[in-house]
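Working notes for the structure below.
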Amino acid sequence: MEKTLVLIKPDGVQRGIIGKIITRFEDVGLKIVAMKMVHPEQEDVDKHYALTEEWMMAVYTKAKTKYEAEGKEFPFVDHKAYGGNIKAGLVDFLRSSPVVAIVAEGEMAVSLVRKMVGATEPASSPAGTIRGDFSHDTYALSNEQGRPLRNLIHASGNVQEANNEIPIWFTDIELHKYEHVNDRVQYDAKWFLPE
Ligand code: CDP
Ligand code: MG
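Spelled out as structure tokens, the structure:
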């Protein structure tokens with residue numbers, strides 16, 4: 395079964411929607427196998443959002459594409475200028491209040507949680523997603539105000555990211571192995587069959 399990392403960011407904690415967010419993951423049938431509140435250190439954020447060329451290019455391309463789709467000129471010269479700026483803002487933001495770190499487990503958990511979280515920009519994230527339902531922030535406003543998007547939540551982007559991220563926030567002993575009723579109802583082939 396896949397495991398994925400979720401962080402409820404400072405805006406999610408401050409908005410008082412920790413419970414609502416966790417409920418969505420329980421409702422869909424995922425198993426919470428680790429959870430804690432952490433006030434991150436610079437080092438945690440540095441490891442979590444590693445300032446790689448690839449990451450800078452990804453955040454740059456996503457935001458620039460959105461600007462261009464709206465017929466606007468993107469106000470940053472290149473991925474390094476934009477990526478460095480985003481990263482610096484994220485470090486301050488994630489350290490501004492405690493965050494809630496969660497590991498959820500289940501069949502295809504990584505892509506399932508991404509689907510539930512929605513798009514990076516809350517305003518273009520569909521209704522029904524966490525970012526679409528609880529926020530309406532935009533690239534335009536966050537860039538204009540020189541701050542990161544207030545998009546409430548982080549979720550691992552793929553299995554590789556999940557495997558890299560989980561050990562940043564949890565030790566092996568904090569990752570619980572236990573049987574949940576849903577394990578039988580959702581995944582046990584013999585659940586309702588006679589012995
Ligand atoms: O979180 P997600 O995987 O959807 O997006 P990302 O491209 O991996 O970017 C990581 C985080 O950087 C986002 O969730 C935002 O908090 C922040 N970011 C931002 O504030 N402004 C951007 N233009 C791009 C990213
Ligand atoms: Mg990401």
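With the sequence shown counted from 1, adding 394 to any position gets you this note's numbering.
Think of the CB as a built atom: it goes at the ideal place given N, C-alpha and C, for glycine as much as any other residue.
None of these values were measured; they are calculated from a predicted model.
(1) Which residues mark the beginning and the end of the beta strand (DSSP E) in which Leu-424 is found?
(2) Who does Ile-560 pair with in a DSSP beta bridge?
(3) Considering only the alpha carbon of each residue, which of Met-450, Glu-462, Val-485, Asp-486 lies closest to Asp-472?
(4) For Leu-401, which of helix, strand or coil comes out of DSSP?
(5) Helix, strand or coil: which one does DSSP assign to His-574?
(6) Kindly indicate which residue of Ile-426, Glu-396, Ala-457, Arg-525 has the alpha-carbon position closest to the one of Ile-480.
(7) Using a 10 Å radius around the Cβ and a threshold of 16 neighbouring Cβ atoms, would you call Trp-563 buried or exposed?
(8) From the DSSP secondary-structure annotation, give me the bridge partner or partners of His-548.
(9) Measure the beta-carbon distance from Met-395 to Ala-503 and round it to whole angstroms, keeping in mind my assumption that it falls under 8 Å.
(10) Select from Trp-585, Leu-569, Glu-573 the residue whose C-alpha is nearest the C-alpha of Ala-428.
Per the coordinate set shown:
(1) From DSSP, Leu-424 is part of no beta strand (DSSP E); its letter is neither H nor E.
(2) The partner list for Ile-560 (beta bridge, DSSP) is empty, contrary to what the question assumes.
(3) Met-450
(4) strand
(5) coil
(6) Ala-457
(7) buried
(8) Answer is Leu-401.
(9) 7 Å
(10) Leu-569
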